[in-house]
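J.:
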Amino acid sequence: MDARGWDEAAFRRGILRERDLSCRTLFRAVFFDHDDDPDPDVLLAAASSDGSLASFSLSSCISSLYSYAATSSTHAAPQTDAALLVDPVCIVQAHSGPAYDVKFYPDWQQPLLFSCGDDGRLRGWRWHEMQSCLVPLYLQGEHLEPVLDLVNPQHEGPWGARSPIPENNAIAIHKQE
270 MDARGWDEAA FRRGILRERD LSCRTLFRAV FFDHDDDPDP DVLLAAASSD
320 GSLASFSLSS CISSLYSYAA TSSTHAAPQT DAALLVDPVC IVQAHSGPAY
370 DVKFYPDWQQ PLLFSCGDDG RLRGWRWHEM QSCLVPLYLQ GEHLEPVLDL
420 VNPQHEGPWG ARSPIPENNA IAIHKQE
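Residues in the sequence shown are numbered from 270 upward in steps of one, following my numbering.
#1: Can you check whether the C-beta of Tyr-374 is within less than 9 Å of a C-beta belonging to chain C?
#2: Look at the Cβ atom of Ser-324, then the Cβ atom of Pro-357, and state whether they are nearer than 9 Å.
#3: Return the CA-CA distance between Gln-400 and Ser-432, expressed in angstroms with no decimal places.
#4: Over the uninterrupted alpha helix (DSSP H) stretch that includes Trp-394, give me the two end residues.
#5: Could you tell me whether the Cβ atoms of Asn-438 and Arg-390 are closer together than 9 Å?
#6: Please name the residue, chosen from Glu-411, Ala-430, Ile-360, Pro-435, that lies closest to Pro-422 on a Cα-to-Cα basis.
#7: Indicate the three-state DSSP secondary structure (helix, strand or coil) for Ala-279 in the structure shown.
#8: Beta-carbon separation of Pro-380 and Arg-392 under 9 Å?
#9: Are the CB atoms of Ile-331 and Phe-383 nearer to each other than 9 Å?
#10: Run through the DSSP bridge pairs and tell me what Ile-442 is partnered with.
#11: For Ala-298, does the count of other Cβ atoms within 10 angstroms reach 16, so buried, or fall short, so exposed?
#12: Taking the DSSP output, what are the residues bridged to Ala-316?
#13: In the structure shown, what three-state DSSP assignment does Leu-327 receive?
#14: Going by CA-CA distance only, name the one from Glu-287, Phe-280, Val-361 that's closest to Ala-316.
#15: Out of Asp-310, Arg-293, Leu-295, Thr-294, which one is the CA nearest neighbour of Phe-301?
#16: If you reduce the DSSP assignment to three classes, tell me which class Ser-432 lands in.
#17: Could you check the C-alpha separation between Ala-278 and His-412 for me, to the nearest Å?
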């Protein structure tokens, strides 16, 4: 193995991401409603306290749970909860602070995933790009660019002082016909 090609920064990001996976708070999870999609897999998007959005395939979550249950003995002492952790399909570092809400825009041709967070941003991604991600999970995070990026403005006071960044706590989406 040639050590000259080793990427220390990518290794460090992978270690930190793995450490953060065990201590995140999930603020919102939403199911992707795809009546017209021929793929019967149920998909889930989640917004968490580290500012990331993650998408999960529920069928792979259930199959990994069944495979774990089949290989473990029913009379053995319970193992740690690490066996119940499932890797997401895709992770996007969406916000610089916590991501509080996530919603789908249900367009049958181009569904979008919107998120808002503590950094005052409202961002949107193409859902199919998140699901067809070819980047290895340990390198994911900033590999997708949002198609929409709106920022709440900061107001300037009379002596040039700026107000705190106004956070976004919730999203409401209404599809007009």
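Cβ atoms here follow ideal geometry from the backbone N, Cα and C, with glycine treated the same way.
All figures in this text were calculated on a predicted structure; none of them were measured in a lab.
T.: On the basis of the coordinates in this document:
#1: Structure shown: chain C not included; a single protein chain is present.
#2: Locating residue 324 in the sequence shown gives position 55, counting from the first residue. Locating residue 357 in the sequence shown gives position 88, counting from the first residue. Between Ser-324 and Pro-357, the gap from beta carbon to beta carbon is short of 9 Å.
#3: The sequence position of residue 400 within the sequence shown is 131, counting from 1. The sequence position of residue 432 within the sequence shown is 163, counting from 1. Going from the Cα of Gln-400 to the Cα of Ser-432 covers about 38 Å.
#4: Here residue 394 is taken as the residue at index 125 of the sequence shown, counted from 1. Membership of Trp-394 in any alpha helix (DSSP H) is not indicated; the residue belongs instead to the beta strand (DSSP E) covering 390–395.
#5: On the sequence shown, residue 438 is found 169 positions in, with the first residue counted as 1. On the sequence shown, residue 390 is found 121 positions in, with the first residue counted as 1. No; because the gap between Cβ atoms is not below 9 Å, this pair is not in contact.
#6: In the sequence shown, the residue the question calls residue 422 occupies position 153. Ranking Glu-411, Ala-430, Ile-360, Pro-435 by Cα distance to Pro-422 puts Pro-435 first.
#7: Taking the sequence shown and counting its residues from 1, the one referred to as residue 279 is at position 10. Reduced to three states, the DSSP call for Ala-279 is helix.
#8: For this step, residue 380 is matched to residue 111 along the sequence shown. For this step, residue 392 is matched to residue 123 along the sequence shown. Result no, Cβ atoms of Pro-380 and Arg-392 do not sit closer than 9 Å.
#9: The count along the sequence shown starts at 1 and reaches residue 331 at position 62. The count along the sequence shown starts at 1 and reaches residue 383 at position 114. Taking 9 Å as the Cβ cut-off, Ile-331 and Phe-383 do not qualify as a contacting pair.
#10: Along the sequence shown, one-based indexing puts residue 442 at 173. DSSP lists no partner for Ile-442.
#11: Taking the sequence shown and counting its residues from 1, the one referred to as residue 298 is at position 29. Of the residues assessed, Ala-298 falls on the exposed side of the cut-off, its CB having fewer than 16 other CB atoms within 10 angstroms.
#12: Within the sequence shown, numbered from 1, the residue matching residue 316 stands at position 47. Looking at the DSSP assignment, Ala-316 forms a beta bridge with Arg-297, Leu-322.
#13: Locating residue 327 in the sequence shown gives position 58, where the first residue counts as 1. Leu-327 falls in the helix class under three-state DSSP.
#14: Here the question's residue 316 lines up with position 47 in the sequence shown. Per the Cα distances, Val-361.
#15: Along the sequence shown, one-based indexing puts residue 301 at 32. Selected option, being the one with the closest Cα: Asp-310.
#16: One-based indexing of the sequence shown puts residue 432 at position 163. In the three-state reduction of the DSSP assignment, Ser-432 falls in the coil class, being assigned neither a helical nor a strand state.
#17: As a working note, residue 278 is residue 9 in the sequence shown. As a working note, residue 412 is residue 143 in the sequence shown. C-alpha separation (whole angstroms): 15 Å.
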